[in-house]
Amino acid sequence: MSASTARKRAKHEPQSHHHLRRDRRDPHPLDVEEEIADAAVDAAEAGAAIVHLHARNPKTGQPDQGPEAFAPFLKIIKQRSNCVINLTTGGAPTMKVDERVRPAALYKPEVASLNMGSMNFGFFGMLNRFKNFEHDWERKHLENKDIVFRNTFQDIEYVLKTLSETGTRFEFECYDTAHLYNLNYFLEQGMVKPPLFVQTVFGLQGGTGAHPEDVLHMKRTADRLFGDRFVWSVLGAGRNQLPIAAMAAAMGGNIRVGLEDSLWAAPGRMAASNAEQVQLARKIIEGLGLEVATSDEAREILDLKGGDKLEV
Ligand SMILES: [Zn+2]
6 MSASTARKRA KHEPQSHHHL RRDRRDPHPL DVEEEIADAA VDAAEAGAAI
56 VHLHARNPKT GQPDQGPEAF APFLKIIKQR SNCVINLTTG GAPTMKVDER
106 VRPAALYKPE VASLNMGSMN FGFFGMLNRF KNFEHDWERK HLENKDIVFR
156 NTFQDIEYVL KTLSETGTRF EFECYDTAHL YNLNYFLEQG MVKPPLFVQT
206 VFGLQGGTGA HPEDVLHMKR TADRLFGDRF VWSVLGAGRN QLPIAAMAAA
256 MGGNIRVGLE DSLWAAPGRM AASNAEQVQL ARKIIEGLGL EVATSDEARE
306 ILDLKGGDKL EV
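Taking the numbering used here, the leading residue of the sequence shown gets 6, the next gets one more, and so forth.
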């Protein structure tokens with residue numbers, strides 16, 4: 006999307022990612038489901054037009070792409086909110102693509118996330134800041150320097166084919182300029198349809214950096230490849246979340262925030278919830294004299310099929 010189109014619309018979609026809060030030992034499964042549902046509904050009430058959801062195993066806290074892990078909180082969210090539901094097809098880097106796509110294939114959400122390239126993935130930088138962990142796997146996961154997040158052309162094609170039949174559209178997660186070129190390949194093949202919802206991701210170890218020049222370069226490249234056929238959004242990881250949100254909002258972009266991407270609300274202060282980060286994103290947008298988009302406005306901007314088309 007060009008900056009001028011964005012300005013004319015003057016709409017932004019704060020978006021939220023949801024992880025479990027880590028304040029309960031051995032939670033009852035129902036608690037976990039309700040926590041995720043509450044986090045999503047609270048984020049929507051704070052101004053998020055779209056909620057992007059992962060599921061977790063209630064005992065171990067590990068990512069769980071079993072559709073049955075999603076069902077309970079999806080039902081609650083649908084009852085309580087009109088927000089756009091966006092399900093992950095990323096899951097975790099250790100999972101195969103057919104496992105990753107299963108929840109979205111079954112529930113047919115309006116949006117599913119899709120990683121646009123294979124990449125190194127490393128969270129080991131976080132070990133300097135976090136020393137205590139609730140679960141054993143967490144430290145091992147953060148220590149791992151051998152993660153390749155596989156998203157080959159074949160994998161991407163598989164997700165596109167599986168989900169396009171259901172009317173699900175995509176949040177194309179682009180961690181580097183190469184991922185924009187990969188998306189352009191699928192556009193040229195006619196396998197993806199504009200308006201493309203392009204989520205440019207900054208500051209994750211293995212992806213592009215979080216310098217303003219990186220943001221500008223991704224934006225320029227997307228503009229050149231897609232012209233007015235895309236809707237631009239940014240995700241800054243960790244402490245980059247809000248500075249990049251502010252920069253992109255001023256340039257006509259949309260914002261994604263949430264605890265999946267950053268644990269912070271301010272330098273040295275951890276966020277209490279996804280909703281708190283949504284409120285901060287909203288302040289940025291409203292501080293610029295713009296308005297946040299409602300979920301229905303986001304549906305229009307992204308040409309989504311409608312909240313009644315989910316099979317939940
Ligand atoms: Zn995600």
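For every residue, glycine included, the Cβ atom is placed at its ideal position computed from N, Cα and C.
Where residue i sits in the DSSP three-state scheme
i: His184; result: helix
i: Phe78; result: helix
i: Phe129; result: helix
i: Thr205; result: strand
i: Ala303; result: helix
i: Glu115; result: coil
i: Met223; result: helix
i: Thr213; result: coil
i: Val153; result: strand
i: Glu139; result: coil
i: Asn120; result: strand
i: Val197; result: coil
i: Arg105; result: helix
i: Pro63; result: coil
i: Val317; result: coil
i: Pro72; result: helix
i: Leu192; result: helix
Cβ-heavy atom distance, residue i to ligand 3, below 7 Å
i: Thr205; result: Looking at this structure, you won't find ligand 3 anywhere; what it does contain is ligand 1.
Span of the beta strand (DSSP E), counted from its first residue to its last, around residue i
i: Glu176; result: Arg174 to Cys179
i: Val89; result: Val89 to Leu92
i: Leu58; result: Ile55 to Leu58
Rounded separation between residue i and residue j - CA only
i: Asn245; j: Thr171; result: 35 Å
i: Lys64; j: Ala74; result: 12 Å
i: Thr10; j: Asp233; result: Reliability of the predicted coordinates at Thr10 is poor, the pLDDT of 33 falling under 50, and the value obtained from them is presented with this limitation in mind. So the two alpha carbons sit approximately 8 Å from each other.
i: Glu162; j: Ala44; result: 32 Å
i: Asn137; j: Asn259; result: 34 Å
i: Ile82; j: Arg107; result: 19 Å
i: Trp269; j: Gly130; result: 15 Å
i: Arg27; j: Glu139; result: Because the pLDDT of Arg27 is 38, which lies under 50, any placement of that residue in the model is unreliable, and the number read from its coordinates should be weighed accordingly. C-alpha separation (whole angstroms): 8 Å.
i: Gly211; j: Met121; result: 14 Å
i: Asn62; j: Pro72; result: 11 Å
i: Arg29; j: Lys198; result: Residue confidence is low: Arg29 scores 40 on pLDDT, short of 50, so the model does not pin down where it sits. No coordinate-derived value is stated.
i: Gly273; j: Arg134; result: 10 Å
i: Glu265; j: Gln70; result: 16 Å
i: Pro77; j: Gly214; result: 37 Å
i: Asp103; j: Cys179; result: 20 Å
i: Glu50; j: Ser267; result: 20 Å
i: Gly311; j: Gly52; result: 18 Å
Range of the contiguous alpha helix (DSSP H) that encloses residue i
i: Thr167; result: Phe158 to Ser169
CB contact check: residue i to chain D, cutoff 8 Å
i: Gly258; result: In the structure shown, chain D cannot be found, because there is only a single protein chain.
task = Could I get the ranges of all uninterrupted beta strand (DSSP E) runs contained in the region 225–291, with 3 residues as the minimum, in chain order?
result = 235–241, 259–263 and 269–271
request  = May I ask you to verify whether the region 170–189 touches the region 109–127, counting CB pairs closer than 8 Å and requiring at least 3?
outcome  = yes
ask   = Does the count of Cβ pairs from the region 90–100 and the region 278–288 closer than 8 Å reach three?
value = no
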